[in-house]
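Numbering (the working numbering), first residue to last: 215 to 553. Have a look at the structure below, then the notes.
The structure is reproduced here in structure tokens:
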């Protein structure tokens, strides 16, 4: 296993971590449109809080998929073929969520609630299905010697993966609530803070259940005991930090801590997988390893050079965009267009 192979495994993890940190609060705001807002003005206020950035945040997912395709084509082939239906449902959720922004803006007042509900439900199902996919993947899937997945319904949807899906959806919802508290003005900002203060108690229960299932249904503790325990401690620690920050009205810290919780979850998954990229429930001999799943050394060198040149430009543009749209969003005035 070469340095570049390990580097690109880490970079893909970083891309997924960036995606869940940035697009995670978009999902949370989308869910809040259906659960937090009390009237049309507040729903418009929430949508405006992510309007300039949500589509740019999804680029991290596209980049992660593209990087996986180029650097680990066998991983990409096994994952995307074995999880075809789940990935299709994720894609449908992302499409419905995207068009709901545009269709809502151009719909009459009587039809806006339809698109609000579509936005809320699609914002829930996307992280839920991502959670189901990643957690079932680390539990192990029936992968044969040729790298093909021959799975049934309960290989995808079992207690562990469902708990993981709900936990990820709840984490993104809390991340969104912390973003709303930080980004908006008025009653909805206070209400989102109150919601977060209450829901973190639910999250603690979910994290305990998730940790127990992880320890008993994966080999993470046997393969990487220290890294697994450190990541679990970080997940709980960041959650507590975010929770305490909501009570102390430290809005920036609460948002940062909830985002770091998502990053720690991605780190847990990738640390536990290493040096594998897919785990076979049939036999460990059929595990897909980093070395066997990667592209040629030449391809990895070219990709590394391109990344060193382009990534700073993308990061600079992202920081600039968030700086430009840094002001808090207020309720729309009476007579102002709701979109």
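Built from N, CA and C at the ideal position, the CB exists for glycine as well.
query: Separation of residue 464 from residue 368, as counted between CA atoms; result: 42 Å
query: Residues that residue 494 bridges to, as DSSP identifies them; result: 355
query: Residue 201 to residue 492 span [Cα, whole Å]; result: Beyond the ends of the chain as shown, which are 215 and 553, falls residue 201; an answer cannot be given.
query: For residue 268 and residue 237, the rounded distance between their alpha carbons; result: 7 Å
query: DSSP-derived helix/strand/coil call for residue 503; result: strand
query: Buried or exposed (CB count within 10 angstroms, at least 16 for buried), residue 526; result: exposed
query: Any C-beta of chain C under 7 Å from that of residue 464; result: Here there is only one protein chain, and chain C is not present.
query: Inter-residue Cα distance where the pair is residue 478 and residue 322; result: 42 Å
query: Reference residue 456; option with closest CA among 407, 427, 425; result: 407
query: Residues bridged to residue 398 [DSSP beta-bridge criterion]; result: 543
query: Cα-Cα separation, residue 287 to residue 446; result: 30 Å
query: Euclidean distance between Cα positions of residue 297 and residue 490; result: 18 Å
query: heavy atom of the ligand MN below 6 Å from residue 333 C-beta; result: For the structure depicted, the ligand MN is absent and the ligand set is empty, with no information on it obtainable.
query: Neighbourhood of residue 541 by C-beta, 6 Å cutoff - its chain only, sequence neighbours within 5 removed; result: none
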